């Protein structure tokens with residue numbers, strides 16, 4: 095009971111070939127990209143997606159540490175990702191940069207189980223295996239969130255629920271479990 099299997103490289107490679115992947119703004123594309131980034135970061139679910147969407151949920155009701163309404167959002171936000179060239183120079187707009195010019199992504203872990211909140215960890219690009227590159231996945235995550243109108247104060251784990259959706263939808267833990 096309560097045993098969780100880790101996401102594997104083989105699972106992510108399957109996701110790349112999944113015929114049900116219905117576009118870069120889809121829920122499946124979002125889960126794939128966070129799974130790639132999670133291989134390096136070791137994210138727990140609460141560090142990137144919402145636990146549940148309560149009845150009557152309104153935009154802005156994000157999961158927070160210890161349910162403190164004034165506390166920090168638990169999930170990853172755009173300001174938690176920084177990008178650098180292979181020479182360690184800051185890249186201000188990674189979405190518009192040539193993917194080969196981005197050498198690293200630095201992830202700030204907002205809230206961690208071990209209490210090391212705010213810890214920054216840098217991960218290198220993987221130009222030999224672009225399917226599993228954490229840098230490319232992080233750029234896609236930001237690009238998707240921007241296309242969907244996610245604000246700087248909202249989590250990045252948003253997707254387009256269907257082609258006619260005007261508002262983003264945030265993925266919850268049960269959707270990730272159902273996909274896997």
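Residue numbers (this note's numbering): 95 to 274. The beta-carbon is built from N, C-alpha and C at its ideal position, and this holds for glycine as well. Since the structure is predicted, the reported quantities are computational estimates derived from the model, not experimental observations.
Review point. Would you call the CB atoms of residue 211 and residue 159 closer than 9 angstroms?
Key: Mapped onto the chain shown, residue 211 falls at position 117. Mapped onto the chain shown, residue 159 falls at position 65. For residue 211 and residue 159, yes; Cβs fall inside 9 angstroms.
By a C-beta neighbour count over all protein chains shown, 10 Å radius and 16 as the cutoff for buried, is residue 253 buried or exposed?
Mapped onto the chain shown, residue 253 falls at position 159. Looking at its Cβ environment, which holds 16 or more other Cβ atoms inside 10 Å, residue 253 is buried.
Note to self: I'd like the ranges of any alpha helix (DSSP H) spanning at least 4 consecutive residues and lying wholly in the segment 200-254.
What the structure shows: 228-241
Please name the residue or residues paired with residue 176 in a DSSP beta bridge.
Taking the first residue of the chain shown as 1, we reach residue 176 at position 82. The bridge partners DSSP lists for residue 176 are 200.
If the criterion is Cβ atoms closer than 9 angstroms, does the pair residue 229 and residue 274 meet it?
Working through the chain shown from its first residue, we reach residue 229 at position 135. Working through the chain shown from its first residue, we reach residue 274 at position 180. Contact flag unset, no.
Inter-stretch contact at 8 angstroms, needing at least 3 Cβ pairs: the segment 165-180 / the segment 245-259 = These segments touch.
- prompt: Should residue 202 and residue 176 be called a contact, given that it needs their Cβ atoms to be closer than 9 angstroms?
  reply: The sequence position of residue 202 within the chain shown is 108, counting from 1. The sequence position of residue 176 within the chain shown is 82, counting from 1. Cβ distance < 9 angstroms, so residue 202 and residue 176 count as in contact.
query: Taking the DSSP output, what are the residues bridged to residue 263?
result: As a working note, residue 263 is residue 169 in the chain shown. According to DSSP, residue 263 bridges with 253.
*Can the beta-carbon of residue 124 be found less than 9 angstroms from the beta-carbon of residue 236?*
In the chain shown, counting from the first residue as 1, residue 124 sits at position 30. In the chain shown, counting from the first residue as 1, residue 236 sits at position 142. No. Outside cutoff.
Beta-bridge partners of residue 138, as assigned by DSSP:
Taking the chain shown and counting its residues from 1, one reaches residue 138 at position 44. Beta-bridge pairing links residue 138 to no other residue.
Tell me the rounded alpha-carbon separation between residue 188 and residue 179.
On the chain shown, residue 188 is found 94 positions in, with the first residue counted as 1. On the chain shown, residue 179 is found 85 positions in, with the first residue counted as 1. Approximately 10 angstroms between the Cα atoms of the pair.
query = Which one or two residues does DSSP pair with residue 144 in a beta bridge?
reply = In the chain shown, counting from the first residue as 1, residue 144 sits at position 50. DSSP lists 266 as partners of residue 144.
Buried or exposed, going by whether 16 or more other CB atoms sit within 10 Å of the CB of residue 143? For this step, residue 143 is matched to residue 49 along the chain shown. Answer is buried; the Cβ neighbour count reaches 16.
Q) Which stretch, first to last residue, makes up the alpha helix (DSSP H) that contains residue 104? A) On the chain shown, residue 104 is found 10 positions in, with the first residue counted as 1. Start and end: 103-111.
Notebook entry, point to check: Apart from the five residues on each side of it in sequence, which residues of its chain come closer than 6 angstroms, Cβ to Cβ, to residue 110?
Noted result: Sequence index remark: in the chain shown, residue 110 carries index 16 (1-based). Contacts found: 225.
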